[in-house]
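Here the structure comes first, spelled out in structure tokens, and everything after it is commentary.
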Amino acid sequence: MTSPLLELNHVSRTFMVKKQQIKAVDDVSFSLGTGEVLCLVGESGCGKTTTGKIIAGLLSPSSGKIFFKGNDISTLSKDQHNAYRLGVQMIHQDPYASLNPTQTIFEILATPLRYHKLVKTDKECRDRVLSLLELVDLTPPDDFVEKYPHQLSGGQRQRVSIARSLTVNPSFLVADEAVSMVDVSIRISLLRTLSHLKDELGLSVLFITHDLALAKYFAWDGRIGVMYLGRMVELSPAPFLVDHPQHPYTQVLLSAIPEADPDITRKKQSLQLRSMDVPSLLRLPSGCSFHPRCPRFAGQLCQEQIPSLTSFYDGSAVACHLVMDDRKKDVIKA
Amino acid sequence: MMLAQQETNLPPTISIKNLSIDYKAKRGQVQAVRNISFEVDRGEAMALIGESGSGKTTIGLGVVGLLPPTAKIRQGEIIYRRAADGKIVDEIDVLKLNPQQIRQFRWKECAMVFQGALNAFNPVLRISDQFADTASAHNALRGMALKERATEILHMVRLDADRVWRSYPHELSGGMRQRVLIALSLLLEPQLIIMDEPTTALDVLTQRNIMDVLKDLRKNLNFSLIFISHDLSLAAELADKVSTVYAGKIVELGDVYTVFRNPYHPYTIGLIHAVPTLAGRKEDLTSIPGSPPDLINMPTGCKFHPRCPLADDQCKTQEPDLEEIGKGHRVACWKWQTARETLKRFKAS
Ligand SMILES: Nc1ncnc2c1ncn2[C@@H]1O[C@H](COP(=O)(O)OP(=O)(O)OP(=O)(O)O)[C@@H](O)[C@H]1O
Ligand SMILES: Nc1ncnc2c1ncn2[C@@H]1O[C@H](COP(=O)(O)OP(=O)(O)OP(=O)(O)O)[C@@H](O)[C@H]1O
Ligand SMILES: [Mg+2]
Ligand SMILES: [Mg+2]
Chain A
76 MTSPLLELNH
86 VSRTFMVKKQ
96 QIKAVDDVSF
106 SLGTGEVLCL
116 VGESGCGKTT
126 TGKIIAGLLS
136 PSSGKIFFKG
146 NDISTLSKDQ
156 HNAYRLGVQM
166 IHQDPYASLN
176 PTQTIFEILA
186 TPLRYHKLVK
196 TDKECRDRVL
206 SLLELVDLTP
216 PDDFVEKYPH
226 QLSGGQRQRV
236 SIARSLTVNP
246 SFLVADEAVS
256 MVDVSIRISL
266 LRTLSHLKDE
276 LGLSVLFITH
286 DLALAKYFAW
296 DGRIGVMYLG
306 RMVELSPAPF
316 LVDHPQHPYT
326 QVLLSAIPEA
336 DPDITRKKQS
346 LQLRSMDVPS
356 LLRLPSGCSF
366 HPRCPRFAGQ
376 LCQEQIPSLT
386 SFYDGSAVAC
396 HLVMDDRKKD
406 VIKA
Chain B
189 MMLAQQETNL
199 PPTISIKNLS
209 IDYKAKRGQV
219 QAVRNISFEV
229 DRGEAMALIG
239 ESGSGKTTIG
249 LGVVGLLPPT
259 AKIRQGEIIY
269 RRAADGKIVD
279 EIDVLKLNPQ
289 QIRQFRWKEC
299 AMVFQGALNA
309 FNPVLRISDQ
319 FADTASAHNA
329 LRGMALKERA
339 TEILHMVRLD
349 ADRVWRSYPH
359 ELSGGMRQRV
369 LIALSLLLEP
379 QLIIMDEPTT
389 ALDVLTQRNI
399 MDVLKDLRKN
409 LNFSLIFISH
419 DLSLAAELAD
429 KVSTVYAGKI
439 VELGDVYTVF
449 RNPYHPYTIG
459 LIHAVPTLAG
469 RKEDLTSIPG
479 SPPDLINMPT
489 GCKFHPRCPL
499 ADDQCKTQEP
509 DLEEIGKGHR
519 VACWKWQTAR
529 ETLKRFKAS
């Protein structure tokens with residue numbers, strides 16, 4: 076088997092908050108192949124962005140290892156490390172803040188091309204800029220090159236951010252809430268563009284969102300990972316996870332989401348949590364950190380032992396003592 | 189307090205007629221609200237849906253008299269009616285109120301929970317003081333009576349009243365603060381409440397909790413609700429009636445089941461198909477081409493025509509009015525009769 080493009084091996088990241096350590100990302104492991112999609116979902120503060128930044132090399136892990144194209148990135152030479160940093164590009168949430176307002180779209184895209192010596196002549200530079208604009212569906216590209224960011228709509232600006240991240244020919248995109256800020260009416264077309272890029276350029280994508288329906292749609296052929304308080308609690312093929320959630324947290328989450336259909340949404344039964352209080356990372360519950368809220372809470376085991384993410388033969392993986400017990404026969408032995 | 193039977197025959201709590209509101213901006217006039225008319229009946233919830241900048245908040249601000257100085261109401265009428273014991277006891281022409289009267293009107297007749305209001309609390313005041321402030325501005329409850337009423341409504345929004353009463357805003361989570369705001373809006377028993385994106389900044393589980401609270405309140409109390417949201421699913425769950433707002437104008441209005449199941453305006457149809465659902469299939473999703481209009485430099489004719497696959501010459505030159513096409517179902521589109529069929533064929537090709 077060839078090694079995956081990216082592999083996280085027991086990665087954790089701590090921060091100092093009020094003179095105390097918090098674990099924003101706690102023992103997360105997964106791998107992603109070329110052209111694969113993984114959507115990270117979970118509530119605010121569960122560690123999605125931190126995970127994304129670690130992958131993009133913008134934050135270093137406090138412990139654990141990251142392999143990119145089979146190499147441990149902590150052992151890379153300076154040149155190799157630069158290549159890795161360029162190879163993994165991050166698209167940020169806010170299409171307003173992330174573009175330099177004094178540069179034209181042409182300059183925004185030409186600057187990294189020239190800086191990284193990816194083009195030799197002015198002609199080549201211009202051609203590349205035009206083809207990048209076309210790639211992100213800003214057509215005809217000639218209409219856009221001379222414009223400034225404030226002359227574009229939010230959706231168009233986000234397309235420019237995507238085009239800019241593509242200037243350096245990455246093999247991996249981290250898209251952090253990349254469509255959340257744009258209007259519903261244009262979200263889908265932006266997602267389509269990302270999907271096409273993935274197919275056309277063979278990009279792998281880590282797509283971060285708090286919207287599970289959006290995740291199901293974008294990761295249709297890929298996987299969804301659900302995080303809770305820094306840990307990955309479920310990681311499964313996308314439609315499967317939404318149709319057959321196994322972790323009690325995933326089940327609660329899915330049951331709580333309203334649907335854009337009055338019949339469906341009014342018939343939906345939401346599962347009740349045992350407590351509405353979200354624990355603070357400063358005072359994490361013992362054992363499974365979901366246990367104080369878990370509708371399936373089963374006592375001692377849940378309170379005392381942290382369940383580890385366990386893979387099953389059907390391709391799903393869940394970190395829950397009860398699920399593990401229910402499905403003993405299906406566990407893939409490591 | 190259940191909705192009294194006789195109340196359903198009363199005229200609407202609020203009737204808005206031909207309301208237009210502009211803002212003065214550097215580049216020119218922003219036509220934020222254009223000739224909008226709608227009513228909300230007793231105990232009814234009306235959702236305003238539509239994308240960012242379509243004018244939803246401006247409508248709400250107009251009703252409670254809180255538009256900024258740069259805004260100008262060009263035309264229109266807002267009539268609010270208070271009911272008691274099965275009859276209308278007061279009819280208020282909101283746009284004719286003087287500043288003193290509009291302050292009385294706010295909270296007491298109509299309360300608004302603002303978009304992004306989570307940070308609206310005065311950080312140095314305890315929740316009890318925030319309630320006292322609102323009450324005393326209206327010479328309403330004080331002392332024990334205030335505490336009793338507050339405890340009652342804080343319970344209704346599922347908060348631990350004793351704990352919350354003594355707390356400072358920063359000691360409460362976002363979801364708790366939002367529920368306090370909802371409770372506060374109920375304090376003086378207004379008959380109309382406007383909620384502007386009440387769950388937008390909140391997590392799924394907190395949002396669910398707030399939605400359940402709102403549904404409870406609607407069941408147990410007798411107020412009319414204008415619910416502003418860009419999130420269709422919230423409207424689907426909570427509203428009786430839905431209005432789609434596009435470029436400052438209501439382009440479709442109807443009963444929630446009708447609008448979601450049998451929409452006629454190409455924009456409503458597009459919006460519904462653009463929102464991914466958990467149950468949906470990948471193929472069902474389509475996007476609306478183009479982007480929302482510039483409200484200063486508005487397209488001619490129907491404002492949706494540059495994005496509409498059905499647009500012809502008439503659409504490009506004449507703006508359609510909201511027209512009644514079925515019981516309580518109004519649509520502003522020249523092509524409404526064939527819109528759904530044509531769009532289906534369009535999608536298939
Ligand atoms: N630089 C930092 N210093 C201290 N704490 C941090 C830092 N960055 C993140 N955190 C904390 O780490 C936790 C995880 O944050 P992160 O931004 O990864 O969450 P998220 O899942 O992306 O949330 P959201 O959905 O709100 O974007 C949070 O509790 C956050 O406050
Ligand atoms: N104070 C103001 N001065 C000038 N223009 C304004 C002002 N407030 C709002 N606008 C403009 O009026 C239009 C309608 O704004 P409004 O806030 O009512 O929209 P909305 O539908 O509530 O949008 P959102 O979903 O983003 O909250 C927008 O184009 C906005 O830019
Ligand atoms: Mg984040
Ligand atoms: Mg608004």
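Heads up: the sequence lines are chains A and B, in that order.
Quick note: the first sequence uses my numbering, first residue 76, plus one each step.
Quick note: the second sequence uses my numbering, first residue 189, plus one each step.
Yeah, the Cβ is synthetic: ideal placement off N, Cα and C, and Gly gets one too.
Given the structure is predicted, the values throughout are model-derived calculations rather than measurements.
- The residue from B:Gly241, B:Ala338, B:Ile484 with its alpha-carbon nearest to that of aspartate 350 of chain B is B:Ala338.
- Residue state for threonine 89 of chain A is assigned as strand, using DSSP reduced to three classes.
- By DSSP's assignment, glutamate 182 of chain A forms no beta bridge with any residue.
- Within the chosen limit of 7 Å, ligand 4 reaches the beta carbon of aspartate 384 of chain B through at least one heavy atom.
- Straight-line spacing of the CA atoms in valine 401 of chain B and glutamine 506 of chain B works out to 44 Å.
- At a threshold of 7 Å, histidine 285 of chain A counts as near ligand 1, since its beta carbon sits closer than that to one of the ligand's heavy atoms.
- Within 8 Å of the CB of threonine 474 of chain B, the CB atoms of chain A belong to Ile263, in sequence order along the chain.
- In chain order, Val254 place their CB closer than 7 Å to the CB of arginine 262 of chain A, counting only its own chain and leaving out the 5 sequence neighbours on each side.
- Close to arginine 341 of chain A, with beta-carbon spacing below 9 Å, are these residues of chain B in chain order: Ala424, Glu425.
- In the three-state DSSP reduction, cysteine 490 of chain B falls in the coil class, being neither helix nor strand.
- Among the residues facing chain B, glycine 230 of chain A is included, as its CB has a counterpart in that chain under 8 Å away.
- For the set A:Asp400, A:Leu359, A:Leu151, the Cα lying nearest the Cα of cysteine 121 of chain A is the one of A:Leu359.
- Contact between the segment 201 to 213 of chain A and the segment 263 to 281 of chain A is established, with three or more Cβ pairs separated by less than 8 Å.
- Taking the Cα positions, glycine 516 of chain B is about 24 Å away from lysine 275 of chain B.
- Of the residues assessed, isoleucine 484 of chain B falls on the exposed side of the cut-off, its CB having fewer than 16 other CB atoms within 10 angstroms.
- For phenylalanine 247 of chain A and serine 119 of chain A, the gap between their C-alpha atoms comes out near 24 Å.
- Using a CB distance cut-off of 8 Å, arginine 396 of chain B counts as an interface residue toward chain A.
- Residue pairing by DSSP places glutamine 231 of chain A in no beta bridge whatsoever.
- Contact annotation: isoleucine 382 of chain B and glycine 231 of chain B have beta-carbon atoms that are not nearer than 8 Å.
- Alanine 435 of chain B is classed as buried because its beta carbon has at least 16 other beta carbons within 10 Å across all chains shown.
- For glutamate 239 of chain B, a Cβ of chain A is located within less than 8 Å of the residue's own Cβ.
- Near chain A, meaning a CB-to-CB distance below 8 Å, the residues of the segment 349 to 364 of chain B are Ser361, Gly363.
- Contact annotation: in the segment 322 to 347 of chain A, residues whose CB is within less than 9 Å of a CB in chain B are Val327, Leu328, Leu329, Ser330, Ala331, Ile332, Pro333, Glu334, Ala335, Asp336, Pro337, Asp338, Ile339, Thr340, Arg341, Lys343, Ser345.
- Here the C-alpha atom of tryptophan 522 of chain B lies approximately 41 Å from the C-alpha atom of proline 287 of chain B.
- Scanning chain B for C-beta atoms nearer than 7 Å to the C-beta of valine 259 of chain A yields Glu239, His418, Leu459, Ala462, Val463, reported in chain order.
- Think of a sphere of 7 Å around the beta carbon of tyrosine 292 of chain A: the chain B residues whose beta carbon falls inside it are Pro464, Lys470, Leu473, in chain order.
- For alanine 323 of chain B, none of the residues of chain A pass the 9 Å Cβ criterion, the least Cβ distance being about 28 Å.
- Residues Ile299 of the same chain have their beta carbon placed closer than 6 Å to that of leucine 316 of chain A, with the five preceding and five following residues left out of the count.
- Checking the 7 Å criterion, the Cβ of threonine 126 of chain A is out of range of every heavy atom belonging to ligand 3.
- Ranked by Cα distance from arginine 367 of chain B, the options B:Asp278, B:Phe448, B:Asn397, B:Leu393 are led by B:Asn397.
- By the neighbour-count criterion, in which a residue is buried when 16 or more other Cβ atoms sit within 10 angstroms of its Cβ, tyrosine 388 of chain A is exposed.
- Rounded to the nearest angstrom, the gap between the Cα atoms of tryptophan 295 of chain B and proline 378 of chain B is 6 Å.
- In chain order, Glu334, Ile339 make up the part of chain A whose C-beta sits under 7 Å from the C-beta of alanine 467 of chain B.
- Under the Cβ criterion (8 Å, minimum of three pairs), the segment 358 to 365 of chain B counts as touching the segment 387 to 397 of chain B.
- For the pair lysine 260 of chain B and aspartate 210 of chain B, the CB atoms are nearer than the 8 Å cut-off.
- Residue-level contact by beta carbon fails for valine 433 of chain B and chain A, as no gap is shorter than 8 Å.
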